[in-house]
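Number of protein chains: 2
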Amino acid sequence: MNIKHLRSFVVLAETLHFGQAAKRLHMTQPPLSRQISALEDALGVTLFERHSRSVVLTAAGENFRHNARRLLEDYEFAVRSAQSTARGEMGELRIAFTMCAAWSVLPDLLARFREHCPDVSLKLKETLPKDLHADLLSGEVDVGISFPAAAADRLSYQEVLRESLCAVLPAQHPLAARAAISAGELAEEAFVTFPGSTAPELHEAVSDCCLHYQFEPDIRLETNLQQTIVNLVAKGLGVSLVPESMSRMQLEGAVFVPLEYSRPVAQGVYWQPQNMNPSLQRFLSIIPPCVTDC
Amino acid sequence: MNIKHLRSFVVLAETLHFGQAAKRLHMTQPPLSRQISALEDALGVTLFERHSRSVVLTAAGENFRHNARRLLEDYEFAVRSAQSTARGEMGELRIAFTMCAAWSVLPDLLARFREHCPDVSLKLKETLPKDLHADLLSGEVDVGISFPAAAADRLSYQEVLRESLCAVLPAQHPLAARAAISAGELAEEAFVTFPGSTAPELHEAVSDCCLHYQFEPDIRLETNLQQTIVNLVAKGLGVSLVPESMSRMQLEGAVFVPLEYSRPVAQGVYWQPQNMNPSLQRFLSIIPPCVTDC
DNA sequence: GGTAATTGATGCAGTTATGGTATTGATGTG
DNA sequence: CACATCAATACCATAACTGCATCAATTACC
Numbered sequence: 002m003n004i005k006h007l008r009s010f011v012v013l014a015e016t017l018h019f020g021q022a023a024k025r026l027h028m029t030q031p032p033l034s035r036q037i038s039a040l041e042d043a044l045g046v047t048l049f050e051r052h053s054r055s056v057v058l059t060a061a062g063e064n065f066r067h068n069a070r071r072l073l074e075d076y077e078f079a080v081r082s083a084q085s086t087a088r089g090e091m092g093e094l095r096i097a098f099t100m101c102a103a104w105s106v107l108p109d110l111l112a113r114f115r116e117h118c119p120d121v122s123l124k125l126k127e128t129l130p131k132d133l134h135a136d137l138l139s140g141e142v143d144v145g146i147s148f149p150a151a152a153a154d155r156l157s158y159q160e161v162l163r164e165s166l167c168a169v170l171p172a173q174h175p176l177a178a179r180a181a182i183s184a185g186e187l188a189e190e191a192f193v194t195f196p197g198s199t200a201p202e203l204h205e206a207v208s209d210c211c212l213h214y215q216f217e218p219d220i221r222l223e224t225n226l227q228q229t230i231v232n233l234v235a236k237g238l239g240v241s242l243v244p245e246s247m248s249r250m251q252l253e254g255a256v257f258v259p260l261e262y263s264r265p266v267a268q269g270v271y272w273q274p275q276n277m278n279p280s281l282q283r284f285l286s287i288i289p290p291c292v293t294d295c
Numbered sequence: 002m003n004i005k006h007l008r009s010f011v012v013l014a015e016t017l018h019f020g021q022a023a024k025r026l027h028m029t030q031p032p033l034s035r036q037i038s039a040l041e042d043a044l045g046v047t048l049f050e051r052h053s054r055s056v057v058l059t060a061a062g063e064n065f066r067h068n069a070r071r072l073l074e075d076y077e078f079a080v081r082s083a084q085s086t087a088r089g090e091m092g093e094l095r096i097a098f099t100m101c102a103a104w105s106v107l108p109d110l111l112a113r114f115r116e117h118c119p120d121v122s123l124k125l126k127e128t129l130p131k132d133l134h135a136d137l138l139s140g141e142v143d144v145g146i147s148f149p150a151a152a153a154d155r156l157s158y159q160e161v162l163r164e165s166l167c168a169v170l171p172a173q174h175p176l177a178a179r180a181a182i183s184a185g186e187l188a189e190e191a192f193v194t195f196p197g198s199t200a201p202e203l204h205e206a207v208s209d210c211c212l213h214y215q216f217e218p219d220i221r222l223e224t225n226l227q228q229t230i231v232n233l234v235a236k237g238l239g240v241s242l243v244p245e246s247m248s249r250m251q252l253e254g255a256v257f258v259p260l261e262y263s264r265p266v267a268q269g270v271y272w273q274p275q276n277m278n279p280s281l282q283r284f285l286s287i288i289p290p291c292v293t294d295c
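Next comes the structure, spelled out in structure tokens:
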């Protein structure tokens, strides 16, 4: 049975007049008569009583009218819904991101995306940089937001932010009041960083800053999470170099001081080019041009 | 778009294999390929990704699958529902009845009908005998349960119960303790009855009882409702003759005493023969053979 | 590495379904 | 009694669908 038949039935049930119903359906009366008759045959139920001068719904017709109307509405909805999903306006987008991204580019990206596609449900997953590419390649997530990685062969990448490192010092540190310092002034300090295996790019940027002033940082503590680093610094356990956006973190006992020189650290979006999730294309289309903040 | 297309889509979405889906749909593979393709064209959306060795749903396809499944279920439901309604197993039946019927035949009829057609919603309306036929003829109700009336030309009638009258006496009345009395013994009493205009048949039966003993009842009070009659008798304001089934009414101060002779009073079901409500036929089919209780 | 098997798409022919025009049949109306 | 209205039917042309045979691409296997 055709959707068209349902539509014909509903219109006829409203007009109770074959001629007028046919006109509203942009067809002539005879085919409508046959359609209704075919519908009745298919259901095995008489839907209309045809009297000499009037057409009225039977009890079964009255019952079917309500259900048929709802069916038509639901059908229209299903069609529109599928189309929206194909355009990426509906659906699900799974995003993995590092803690650094959460403090820098993520909030803005999510806000922009939400504005354009409010009906896409976002599944967010905070992860360590080293796990991010595996999640993307396995299809676990659609988007990854992290530092640019050397070994990201089968992934596309778009840079979003390029920023400097800054120093984090305990509040009572002699350099804490300065407007800016040079990394070289920290040559004798104890460093808190995170392990090179977790985020090689960041680790390398920190090393590069120090090498620029001809010293190797004295790494006393290594921890996985940036937040923890800042917390340890606040407790006076050392100093550290972190991306500038981390300075949004207001933490008593920790002071962020700009560096006179630092190698820039980038943040960007990764995705699998053959990923067909339409919401992914939507997401990529709202990425703003890269902000260079160094 | 055809319901068949939706069914094809759902089966294919489950099997993800054109050949097997076609087999399950009792058709060959080429038409299925074309049906899906036609569905995709109609929606303007690609529902499946055809890879070399596999077929997978797109995001839009996944979305459409859920809606399409629900649509099919709702469609099946709508069809079955219309069929049930046509068979009278669903729908609405409006029943008007007198108070006498409420005390005698109505409970049993409703119980039997409920058992056979639990999904028919019953609209009950208590009414005075004189209004019942007008309600039936105007189509206000489908079924009327009342006394047989002389002027019920265009209505069909089926008798359900034939019972005797009995006397209602105040508890302190000298005859109240008797196992049975004759109406003649009430010749000198004050009668409480209801007006002949409200229920001519009942009024006549009472008159007939009295005439059988050569007296005219001394009617002191007239009231519309049987219940009120019994209440007035209980307060000692007179005696009355009422259908035996009223004796189910347990009321302190009123005693029901069988009569040695009484003209039988009948109760029955009225309906309009041209009423096409399928539930009406169901109702008529469950009317038990007439019980003669005199 | 070449052949067979698998799988979905396509070409073609026959059948079915659908829509339009003209007409009929039944029933009210002036 | 002629006429108007309204749904059903007859008939024809076209569109849609089905099945069969086949193709093209990929994969499995010896």
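Protein sequence lines correspond, in order, to chains S and B.
Number 229 in the numbering used here belongs to position 228 of the first sequence; there are no gaps in the numbering.
Number 82 in the numbering used here belongs to position 81 of the second sequence; there are no gaps in the numbering.
Quick reminder that beta carbons are idealized off the backbone N, C-alpha and C, glycines included.
Boundaries (first-last residue) of the alpha helix (DSSP H) holding residue i
i: residue 55 of chain S; result: Run containing residue 55 of chain S: none; DSSP gives neither H nor E here.
i: residue 283 of chain B; result: 279 to 286
i: residue 81 of chain S; result: 60 to 88
i: residue 4 of chain B; result: 4 to 16
i: residue 233 of chain S; result: 227 to 235
i: residue 25 of chain S; result: 19 to 25
Contact belief for residue i with residue j at Cβ below 8 Å, rounded distance in angstroms
i: residue 72 of chain B; j: residue 10 of chain B; result: No, residue 72 of chain B and residue 10 of chain B are not in contact; Cβ-Cβ is about 10 Å, not under 8 Å.
i: residue 160 of chain B; j: residue 149 of chain B; result: 7 Å
i: residue 164 of chain B; j: residue 234 of chain B; result: Incorrect: roughly 19 Å between the Cβ atoms, too far for contact.
i: residue 240 of chain B; j: residue 166 of chain B; result: With 8 Å as the limit, residue 240 of chain B and residue 166 of chain B do not qualify as a contact, their Cβ atoms being about 12 Å apart.
i: residue 1 of chain B; j: residue 218 of chain B; result: Within the shown structure, residues of chain B are numbered from 2 to 295, placing residue 1 of chain B beyond reach of any answer.
i: residue 7 of chain B; j: residue 69 of chain B; result: 5 Å
i: residue 243 of chain B; j: residue 228 of chain B; result: No, residue 243 of chain B and residue 228 of chain B are not in contact; Cβ-Cβ is about 10 Å, not under 8 Å.
i: residue 132 of chain S; j: residue 75 of chain B; result: Going by Cβ atoms, the distance from residue 132 of chain S to residue 75 of chain B rounds to 44 Å, so no, they are not a contact pair.
Close beta carbons around residue i, own chain, < 8 Å, minus the five adjacent residues each side
i: residue 127 of chain S; result: 97, 98, 99, 100 and 103
i: residue 276 of chain S; result: 140 and 143
i: residue 1 of chain S; result: Absent from the structure is residue 1 of chain S, since the part of chain S shown begins at 2 and ends at 295.
i: residue 231 of chain B; result: 169, 241, 243, 247, 250, 252 and 255
i: residue 13 of chain B; result: 19, 22, 33, 37, 49 and 56
i: residue 183 of chain S; result: 214, 260, 261 and 262
Contact check, residue i vs residue j, beta carbons under 9 Å
i: residue 185 of chain S; j: residue 214 of chain S; result: yes
i: residue 254 of chain S; j: residue 237 of chain S; result: yes
i: residue 143 of chain B; j: residue 278 of chain B; result: yes
i: residue 90 of chain S; j: residue 280 of chain S; result: yes
i: residue 94 of chain B; j: residue 57 of chain B; result: no
i: residue 19 of chain B; j: residue 83 of chain S; result: no
i: residue 138 of chain S; j: residue 125 of chain S; result: no
i: residue 106 of chain S; j: residue 177 of chain S; result: no
i: residue 4 of chain S; j: residue 4 of chain B; result: yes
i: residue 220 of chain S; j: residue 194 of chain S; result: yes
i: residue 222 of chain S; j: residue 191 of chain S; result: yes
i: residue 289 of chain B; j: residue 120 of chain B; result: no
i: residue 187 of chain S; j: residue 291 of chain S; result: no
i: residue 129 of chain S; j: residue 225 of chain S; result: yes
Residue interval of the beta strand (DSSP E) (run including residue i)
i: residue 214 of chain S; result: It is not in any beta strand (DSSP E) - residue 214 of chain S carries neither H nor E in the DSSP assignment.
i: residue 148 of chain B; result: Run containing residue 148 of chain B: none; DSSP gives neither H nor E here.
i: residue 35 of chain S; result: Not the beta strand (DSSP E): residue 35 of chain S falls in the alpha helix (DSSP H), residues 30 to 44.
i: residue 162 of chain S; result: 157 to 164
i: residue 261 of chain B; result: Unbroken run through residue 261 of chain B: none, as it is neither H nor E.
i: residue 126 of chain S; result: 120 to 127
i: residue 96 of chain S; result: 91 to 98
i: residue 116 of chain B; result: Segment 107 to 117 is the alpha helix (DSSP H) holding residue 116 of chain B; no beta strand (DSSP E) there.
i: residue 142 of chain B; result: That residue, residue 142 of chain B, is in no beta strand (DSSP E); it is neither H nor E in DSSP.
Cβ neighbours of residue i in the same chain (closer than 7 Å, five flanking residues each side left out)
i: residue 206 of chain B; result: 166, 264 and 266
i: residue 117 of chain B; result: 283 and 287
i: residue 87 of chain B; result: 279
i: residue 46 of chain B; result: 61
Same chain only: Cβ atoms within 6 Å of residue i, ignoring 5 sequence neighbours per side
i: residue 197 of chain S; result: 204
i: residue 122 of chain S; result: 93
i: residue 294 of chain B; result: 164
i: residue 113 of chain S; result: 287
i: residue 85 of chain B; result: 91
The ligand ZN heavy atom lying under 8 Å from the CB of residue i
i: residue 132 of chain B; result: This structure lacks the ligand ZN; in fact it carries no ligand of any kind.
**Asked** Hey, is the stretch 258 to 270 of chain S in contact with the stretch 32 to 46 of chain B, meaning 3+ C-beta pairs nearer than 8 Å?
**Response** no
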